[in-house]
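Chemist: Have a look at the structure that comes next, please.
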Amino acid sequence: MDQIQHNFITVRGLKFHVADLGEGSNVVLFLHGFPEIWYSWRYQMVALANAGFRTLAPDYRGYGLSDIPPEPEKTTFADLVADLVAILDHLGINKVFVVAKDFGVRPAYLLTLLHPHRVSCVVTLGVPHVPLEPRKYRESLPEGFYISRWNVCFGLLIVEMYCFYLVWISCRNLDERRLISDDSMLKPL
């Protein structure tokens, strides 16, 4: 049951890559973080498919194998939500369990708020529930909150720190993280 299907669905004028595994009417929609793709959810997809769920993990527009929109800088969270609804409609799926992390949390909440009849439940990881208005969102985070730190490194193109974070978050246990934390990549801090 671990053979993930890779489908390409054209909706809203763009081709979207959607990883699909499992069968049944109970569908789990996984929403990836930034800068990630569907692949972040591969282990969870296999586990839930083996438990009898159908699992979907799309790449957002401009991510992974999905098309880049003509003007990517104009993409909004409303676009991401509309894309998700169009993908579900194309697949004939009426209702999903939503699991999201990091950057995917905001589209998950918006999908839940704007289309409550399409969502059985929502589970979010890595980002606390906060007001959706941008200023309140930023003000609600404690100083030095990880998402702020990550964005600083990424925004300033501090390649060493960006690479460090990618490796660090992929570690499977504390020993690996301690080993990596002793690395010289922490010196820029």
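Here the sequence shown stands for residues 40 to 228, where the numbers follow our numbering.
We treat Cβ as the ideally placed atom computed from N, Cα and C, and that holds for glycine.
Bear in mind the structure is a predicted one, so any value in this text is a computation, not a measurement.
Looking at the strands, I want to know which residues DSSP matches up with residue 54.
Modeler: Residue 54 pairs with 49.
Chemist: Determine which residues share a DSSP beta bridge with residue 92 and list them.
Modeler: DSSP, once it has assigned bridges, lists no residue as partnering residue 92.
Chemist: Which whole-angstrom value describes the C-beta separation of residue 57 and residue 46, a residue pair presumed to lie in contact below a C-beta threshold of 8 Å?
Modeler: Yes, residue 57 and residue 46 are in contact; Cβ-Cβ is about 5 Å, under 8 Å.
Chemist: Do residue 135 and residue 127 have their beta-carbon atoms positioned less than 8 Å apart in this structure?
Modeler: Yes. Within cutoff.
Chemist: Using the three-state DSSP reduction, which class does residue 106 fall into: helix, strand or coil?
Modeler: Of the three classes helix, strand and coil, the one that applies to residue 106 here is coil, per DSSP.
Chemist: Do you know offhand how far residue 75's Cα is from residue 102's?
Modeler: Rounded to whole angstroms, residue 75 to residue 102 spans 8 Å at the Cα level.
Chemist: Does the Cβ of residue 105 have 16 or more other Cβ atoms within 10 Å, making it buried, or fewer, making it exposed?
Modeler: Buried, because 16 or more other Cβ atoms sit within 10 Å of the Cβ of residue 105.
Chemist: Can you check DSSP and say which residues form a bridge with residue 155?
Modeler: Answer by DSSP bridge pairing: none, since residue 155 is not bridged.
Chemist: So, using beta-carbon positions, are residue 108 and residue 53 closer together than 8 Å?
Modeler: Contact flag set, yes.
Chemist: In terms of DSSP beta bridges, what is residue 139 paired with?
Modeler: Answer by DSSP bridge pairing, in chain order: 70, 163.
Chemist: Are the CB atoms of residue 94 and residue 67 within a distance shorter than 8 Å?
Modeler: Going by C-beta atoms, residue 67 is nearer than 8 Å to residue 94.
Chemist: I'd like to confirm the pairing. Which residues does DSSP put opposite residue 59 in its beta bridges?
Modeler: Residue 59 pairs with 44, 95.
Chemist: What distance in whole Å lies between the Cβ atoms of residue 84 and residue 43, which are believed to be in contact at a cut-off of 8 Å?
Modeler: Sure, about 6 Å apart at Cβ, within 8 Å.
Chemist: Hey, could you find the ends of the alpha helix (DSSP H) residue 126 is sitting in?
Modeler: First-last of the alpha helix (DSSP H) with residue 126: 116-130.
Chemist: Roughly how many angstroms lie between the CA atoms of residue 117 and residue 60, to the nearest whole one?
Modeler: If I take the Cα positions, the gap works out to 26 Å.
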